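Student: The structure that follows is given in the form of structure tokens.
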Amino acid sequence: MSETQIQVKDVSMVYTNNAGEKINALDSVSLDIKEGEFISLLGPSGCGKTTLLRIIADLLQPTDGEIIIDGQSPRDIRIKQEYGIVFQQPVLYDWRTVRRNICLPMEIMGVPKKERTSRIDEKLDLVGLKDFGKKYPFELSGGMQQRVGIARALALNPKYLLMDEPFSALDEFTREKLNEDLLEIWGKTKSTVIFVTHNIPESVFLSDRVIVLTPHPGKLAAVVDIDLPRPRRNELRDSPEFFEYVAKIRKCFQEVKM
Amino acid sequence: MTISKHERRLVTAVWLVGILAFWEIMAFILKYVVKSEMASVKLPFLHTIFITMFQNAGMLLEASAVTFSRALLGFAIGAVIGVVLAILMSLSKTLERIAFPYLIISQMIPVLGLAPIIFNIVRDMNLSRIIIAAYITFFPVSVNMLSGLKSVDQEKKELLYAIAASKFNVYRKLMLPYAMPYLFTGLKIAAPMAVTASILVDMLGSKSGIGVKMLYSLYSSSMDIFWASVITSAILGIVSYYLVINAEHFFLPWQSGKEGETA
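If you want it as structure tokens, here you go:
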């Protein structure tokens, strides 16, 4: 449980934009992530949090530094199909029903048919969409679509669950509800979760540790351990301890003069 | 919300009655107000055309079947070629750069000129009809399909990339289904054109087909038959279009659902 699983070693990322200027998206970020940990990458836009997530997912190659996961490269982990990814948008396939959307990665991975069906049932139940399996994505609300995206990632029982601002397009009420649901689901799966967000209370509510990133260039400013008891329910958001953590993290940003 | 089925039918009905009425009134004006001697040639009464169509239904149907079946076969062949070309071009940027100018040039040759050339080469009326219909079909199908394949969202691809899906699976599970609505757009454009092309080939000296009826009746001044053939041809084009629309609703149920939502 406490063993280091993902090592981020001096990872830098430099883009060249259209005007030919070099943009320092990530500047020598180092970080250790433990097995089964829920960590958030928190920061304003431009801090490189999504870039870091994409580098871990092998969707981007860093200009410098490396990432080691259980002694292997992100590419090895991707080829071994151990990632589950949830994007900012639900990224559902319009032509597939909810059930078949969840089924898609399992088809690619060659999960036997019987097992697919049982996993779909289980995951649909988990995200509270039991009666919507036969619907097409356009028939669902944004929040429901996002749940389908989460169910699809979970159905793989991924060792590493990477989430890129999955709730940022949703209203506050739906977001808080899904935060709670996500923790409940995570409690059952025990994947290692890397969760990108720009919402301070969300990061505090969800995480074991919050990684605070600041922009221009994207730098690791602080790592804040969140010692709040689990299981966490939404009432926790009204507790003084919760406010303290939110205030503490907000201060991290003020100190670097955002 | 979308307009109801009932309302949609009403719109169609009013539209149809409007056109019929307009035609009849214009024909009436031409004959009895302007007193044109050529009235029955310029614009005969619609009901007389329908009566002629009814009286010659057997002959017209037979001729239509000849023309339409060849058009359909050519359309199918052209569609397959178009799809295959689009897939190949989406797989290789180099191939796209090589092939695309040829595709464009192919469309600059007028069918009116190409049809006799093809006929002189193959010396077979049926085969010429099929080739020309295919030739007309493949271009809109190919271009639309290719634009579909190229407009797949990056994130939808990354979803598969992240679990190391093979290229074959990326095409099977994502690219091809995604491009289907685009394919149908191409098919909708091509279908009436394929029918027109087939009719055109009829006129090159075929012995059967609706185009032949049109041409012969024009020469022999049997204007009733001429107009009946013209209307029949128009119906063939409309039928081909609606066949594609129905196929789209059948094969892409999510698509018609989405249109209903946003309309």
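Top line first, the protein sequences correspond to chains W and Z.
In terms of numbering that gives the first Met the number 0, the first sequence opens at residue 0 and continues consecutively.
In terms of numbering that gives the first Met the number 0, the second sequence opens at residue 0 and continues consecutively.
The beta carbon of each residue, even a glycine, is placed where N, CA and C say it ideally should be.
The structure presented is a predicted model; accordingly, all values stated were derived computationally and were not measured.
Taking Arg77/W as the query, report the chain Z residues whose CB atoms sit under 7 Å from its CB, ordered along the chain.
Tutor: As a first step, residue 77/W is located in the first sequence; it is residue number 78 there, counting from the start. Ordered by position in chain Z, the residues that pass the 7 Å Cβ test against Arg77/W are Ala161 and Ala163.
Student: Assuming Ile188/Z is part of the alpha helix (DSSP H), what are its boundary residues?
Tutor: On the second sequence, residue 188/Z is found 189 positions in, with the first residue counted as 1. Leu175 to Asp201 is the extent of the alpha helix (DSSP H) around Ile188/Z.
Student: Can we say the region 211-224 of chain W touches the region 70-90 of chain W, given the rule of at least three CB pairs closer than 8 Å?
Tutor: Judged by Cβ distances under 8 Å, the region 211-224 of chain W makes no contact with the region 70-90 of chain W, as fewer than three pairs qualify.
Student: Whose C-beta lies closer than 6 Å to the C-beta of Met108/W among residues of the same chain, with five residues either side of it excluded?
Tutor: As a working note, residue 108/W is residue 109 in the first sequence. Once the five neighbours on either side are set aside, the close Cβ partners of Met108/W are Gln80.
Student: Only counting runs of 4 or more residues, tell me where the alpha helix (DSSP H) segments fall wholly within the region 56-138 of chain Z, in order along the chain.
Tutor: 56-90, 92-105 and 110-121
Student: To the nearest angstrom, how far is it from the Cα of Gly259/Z to the Cα of Thr184/Z?
Tutor: Along the second sequence, read from residue 1 onward, the residue named residue 259/Z stands at position 260. Along the second sequence, read from residue 1 onward, the residue named residue 184/Z stands at position 185. Here Gly259/Z scores only 47 on pLDDT, less than 50, and its place in the model should not be relied on; the value that follows carries that caveat. If I take the Cα positions, the gap works out to 17 Å.
Student: Below 7 Å on C-beta distance, what does Glu154/Z contact in chain W?
Tutor: Here residue 154/Z is taken as the residue at index 155 of the second sequence, counted from 1. Under the 7 Å cutoff, chain W gives Phe86, Gln88 and Val90.
Student: Interface residues of chain W around Lys4/Z at Cβ under 9 Å?
Tutor: As a working mapping, residue 4/Z is identified with position 5 in the second sequence. The contacting residues do not exist; Lys4/Z stays about 19 Å from chain W at best.
Student: For the alpha helix (DSSP H) holding Lys187/W, just list the boundary residues, first then last.
Tutor: Locating residue 187/W in the first sequence gives position 188, where the first residue counts as 1. From DSSP, the alpha helix (DSSP H) with Lys187/W extends over Glu171 to Thr188.
Student: If Ile224/Z and Lys212/Z are in contact, beta carbons under 8 Å, what's the gap, nearest whole angstrom?
Tutor: Numbered from its first residue, the second sequence carries residue 224/Z at position 225. Numbered from its first residue, the second sequence carries residue 212/Z at position 213. Ile224/Z to Lys212/Z, Cβ: 7 Å. Contact.
Student: Would Leu103/W count as contacting chain C if we go by Cβ distances under 8 Å?
Tutor: You won't find chain C in this structure, because its protein chains are W and Z.
Student: Quick one: Cα of Phe118/Z to Cα of Phe74/Z, how far?
Tutor: Residue numbering aside, residue 118/Z sits at position 119 when the second sequence is read from its first letter. Residue numbering aside, residue 74/Z sits at position 75 when the second sequence is read from its first letter. Each residue's Cα considered, the two are about 18 Å apart.
Student: Applying the criterion that 16 or more other CB atoms from any shown protein chain within 10 Å of the CB defines a buried residue, is Tyr218/Z buried or exposed?
Tutor: Your numbering for residue 218/Z matches position 219 in the second sequence. Exposed: under 16 other Cβ atoms inside 10 Å.
Student: Rounded to whole angstroms, what is the Cα-Cα separation between Glu247/Z and Lys155/Z?
Tutor: Residue numbering aside, residue 247/Z sits at position 248 when the second sequence is read from its first letter. Residue numbering aside, residue 155/Z sits at position 156 when the second sequence is read from its first letter. Cα to Cα, the separation comes out at about 23 Å.
Student: Name, please, each residue of chain Z whose Cβ falls closer than 9 Å to the Cβ of Glu106/W.
Tutor: By 1-based counting over the first sequence, the position of residue 106/W is 107. Ordered by position in chain Z, the residues that pass the 9 Å Cβ test against Glu106/W are Asn168 and Lys172.
Student: Nearest-angstrom Cα distance between Met58/Z and Leu203/Z?
Tutor: As a first step, residue 58/Z must be located in the second sequence, where it is residue number 59. As a first step, residue 203/Z must be located in the second sequence, where it is residue number 204. Here the C-alpha atom of Met58/Z lies approximately 20 Å from the C-alpha atom of Leu203/Z.
Student: Residues of the region 56-73 of chain W with a CB closer than 8 Å to any CB of chain Z: list them in chain order, please.
Tutor: Ala56, Asp57 and Leu58
Student: With distances taken from CA atoms, which of Lys21/W, Asn178/W and Phe86/W is nearest Leu52/W?
Tutor: Counted from its first residue, the first sequence places residue 52/W at position 53. Ranking the options by Cα distance to Leu52/W, first place goes to Phe86/W.
Student: In or out: Thr51/Z buried (at least 16 other Cβ within 10 Å) or exposed?
Tutor: The sequence position of residue 51/Z within the second sequence is 52, counting from 1. Answer is buried; the Cβ neighbour count reaches 16.
Student: Taking the alpha-carbon positions, what's the Gly42/W to Met143/W distance?
Tutor: Along the first sequence, one-based indexing puts residue 42/W at 43. Along the first sequence, one-based indexing puts residue 143/W at 144. So the alpha carbons of these two residues sit roughly 26 Å apart.
Student: Find the residues of chain W that neighbour Pro176/Z, judging by a C-beta separation of less than 9 Å, and give them in chain order.
Tutor: Taking the first residue of the second sequence as position 1, residue 176/Z is located at position 177. Neighbours of Pro176/Z on chain W, chain order: Tyr92, Asp93, Trp94 and Arg95.
Student: Please say whether Ala193/Z and Ser77/Z have beta carbons closer to each other than 8 Å?
Tutor: Within the second sequence, numbered from 1, the residue matching residue 77/Z stands at position 78. Within the second sequence, numbered from 1, the residue matching residue 193/Z stands at position 194. Here the sequence assigns Gly to residue 77/Z, which means Ser is not the residue at that position. Yes, the Cβ-Cβ distance between Gly77/Z and Ala193/Z is below 8 Å.
Student: Please classify Leu155/W: does DSSP put it in a helix, a strand, or coil?
Tutor: Within the first sequence, numbered from 1, the residue matching residue 155/W stands at position 156. Note: Leu155/W maps to coil in three-state DSSP.
Student: Quick one: what does DSSP say Asn198/W is sitting in, helix, strand or coil?
Tutor: In the first sequence, counting from the first residue as 1, residue 198/W sits at position 199. Three-state result, Asn198/W: coil.
Student: Using a Cβ-Cβ cut-off of less than 9 Å, list which residues of the region 125-138 of chain W approach chain Z; keep chain order.
Tutor: Tyr135, Pro136, Phe137 and Glu138
Student: Among the residues of its own chain, which have a CB less than 7 Å from the CB of Ala85/Z, if the five just before and after it don't count?
Tutor: Working through the second sequence from its first residue, we reach residue 85/Z at position 86. Cβ within range, chain order: Ser141, Met144, Leu145 and Leu148.
Student: Can you look up Asn23/W in the DSSP assignment and give me helix, strand or coil?
Tutor: The count along the first sequence starts at 1 and reaches residue 23/W at position 24. In the structure shown, Asn23/W sits in a strand (DSSP, three-state: E or B).
Student: Under 8 Å, with one C-beta from each stretch per pair, do the region 129-145 of chain W and the region 89-102 of chain W reach the 3-pair mark?
Tutor: yes
Student: At 8 Å on the CB atoms, spell out the chain Z contacts of Tyr82/W, in chain order.
Tutor: On the first sequence, residue 82/W is found 83 positions in, with the first residue counted as 1. Those within 8 Å of Tyr82/W in chain Z are Ala161 and Ile162.
Student: Given that Glu247/Z touches chain W, what residues does it touch there, using C-beta distances under 8 Å?
Tutor: Taking the second sequence and counting its residues from 1, one reaches residue 247/Z at position 248. By Cβ distance, chain W contributes nothing, its closest Cβ being about 12 Å from Glu247/Z, past 8 Å.
Student: Check whether chain W comes within 8 Å of Leu158/Z, counting only Cβ atoms and requiring the distance to be less than that.
Tutor: Residue mapping note: residue 158/Z aligns to position 159 of the second sequence, counting from 1. Output row for Leu158/Z: interface = yes.
Student: Going straight from the alpha carbon of Val238/Z to that of Pro115/Z, what length do you get?
Tutor: Numbered from its first residue, the second sequence carries residue 238/Z at position 239. Numbered from its first residue, the second sequence carries residue 115/Z at position 116. Between Val238/Z and Pro115/Z, the C-alpha separation is close to 27 Å.
Student: Specify the secondary structure class of Glu36/W as computed by DSSP and reduced to three states.
Tutor: In the first sequence, counting from the first residue as 1, residue 36/W sits at position 37. If DSSP states are grouped into helix, strand and coil, Glu36/W belongs with coil.
Student: Along the chain, where does the beta strand (DSSP E) containing Ala168/W start, and where does it finish?
Tutor: In the first sequence, counting from the first residue as 1, residue 168/W sits at position 169. Note, Ala168/W: premise wrong, no beta strand (DSSP E); not H, not E.
Student: Please name the residue or residues paired with Thr191/W in a DSSP beta bridge.
Tutor: The residue given as residue 191/W occupies position 192 in the first sequence. Looking at the DSSP assignment, Thr191/W forms a beta bridge with Tyr159/W.
Student: For the alpha helix (DSSP H) that contains Lys30/Z, what are its first and last residues?
Tutor: The residue given as residue 30/Z occupies position 31 in the second sequence. Taken as a continuous stretch (DSSP letters only), Lys30/Z belongs to no alpha helix (DSSP H), as it is neither H nor E.
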